[in-house]
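Below you'll find the structure, written out as structure tokens, and then a few comments.
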Amino acid sequence: MRVVNVALFLIGVAEAHYHFPYLITGNSKDTVKWKHVRQVKNPDSNDFVSGGPTSPDIRCYQNGKKAETGKVAAGDKLGIGASQGVFHPGPIQFYMAKAPAGVNIADWDGSGSVWFKTYSEKPPTSKLGETQSWASGNKQDFSFTVPKSTPSGDYLVRIEHIALHNTGNPQIYVACGQVTVTNGGNGTPGPLVAFPGAYAARDPGVVFNLYGGGQYKAPGPAVWTG
Ligand SMILES: [Cu+2]
Numbered sequence: 001m002r003v004v005n006v007a008l009f010l011i012g013v014a015e016a017h018y019h020f021p022y023l024i025t026g027n028s029k030d031t032v033k034w035k036h037v038r039q040v041k042n043p044d045s046n047d048f049v050s051g052g053p054t055s056p057d058i059r060c061y062q063n064g065k066k067a068e069t070g071k072v073a074a075g076d077k078l079g080i081g082a083s084q085g086v087f088h089p090g091p092i093q094f095y096m097a098k099a100p101a102g103v104n105i106a107d108w109d110g111s112g113s114v115w116f117k118t119y120s121e122k123p124p125t126s127k128l129g130e131t132q133s134w135a136s137g138n139k140q141d142f143s144f145t146v147p148k149s150t151p152s153g154d155y156l157v158r159i160e161h162i163a164l165h166n167t168g169n170p171q172i173y174v175a176c177g178q179v180t181v182t183n184g185g186n187g188t189p190g191p192l193v194a195f196p197g198a199y200a201a202r203d204p205g206v207v208f209n210l211y212g213g214g215q216y217k218a219p220g221p222a223v224w225t226g
């Protein structure tokens with residue numbers, strides 16, 4: 001029986017990878033999966049975006065199930081938690097996109113050049129091929145501070161993990177939460193990019209060889225700091 005249990009455990013690890021189902025706002029974190037984060041396709045299995053960086057799925061990888069909308073004050077912590085420790089080497093990044101006036105965030109698809117970057121994990125300076133070298137390595141909770149000048153309103157918040165261990169075939173994990181930003185300011189977030197569109201299929205930031213030396217630079221625009 002012991003052998004059987006070990007085998008099942010290994011199958012679980014190999015196929016499960018991870019997903020990002022828990023919204024984090026301030027000091028609170030969802031305890032139920034996919035409450036404020038849109039459920040991704042194949043939520044219980046290997047759920048990186050199979051079509052790569054130019055696939056329509058690179059935006060939110062959502063399966064159409066409706067999510068609720070959380071709430072966060074500008075200047076407070078916003079993030080998304082993973083289903084288990086992130087065990088591949090590569091950066092975590094966050095983007096946000098504001099729903100157009102009069103559009104219900106729950107129905108909005110986030111299309112167009114509407115996304116600004118709010119966080120980009122600083123890569124390690126050595127041993128890039130080792131998960132534990134990355135700040136995100138084996139961690140579950142990821143967050144950033146919503147700039148105080150972010151205008152109030154309803155936003156999608158998109159987490160992205162670019163797993164680079166298999167050079168040339170990145171495993172990109174994404175999920176989108178829904179959140180109302182309150183107490184905001186008069187900032188103009190940017191630069192704005194579209195998904196798909198922000199990353200080329202062979203973008204150096206997604207096909208980087210972690211084992212070949214050289215310094216890594218994550219793909220996409222600069223972080224908007226408010
Ligand atoms: Cu993997």
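According to full-length UniProt numbering, the sequence shown is numbered sequentially starting from 1.
Beta carbons are placed, not taken as given, at the ideal position from N, Cα and C, and that holds for glycine.
The shortest CA-to-CA distance from Ala-99 to any of Leu-156, Lys-122 and Glu-68 is the one to Leu-156. Per the coordinates, the alpha-carbon of Ser-126 lies some 10 Å from the alpha-carbon of Leu-210.
In the DSSP assignment, Phe-48 forms no beta bridge with any residue.
Taking every residue with its beta carbon within less than 5 Å of a heavy atom belonging to ligand 1 gives, in chain order, His-17 and Gln-171. With a beta-carbon spacing of about 14 Å, Gly-184 and Ala-101 fall beyond the 8 Å limit used to define contacts. For Gly-70, the enclosing beta strand (DSSP E) has its first and last residue at 70-73. For Gly-79, the uninterrupted beta strand (DSSP E) run begins and ends at 77-81, by DSSP. With a cutoff of 8 Å on beta-carbon distance, Thr-182 and Ser-149 are scored as not near each other.
Residue pairing from DSSP places Ile-24 in a beta bridge opposite Lys-29 and Gly-79. Thr-31 and Tyr-22 have their C-alpha atoms spaced approximately 7 Å apart.
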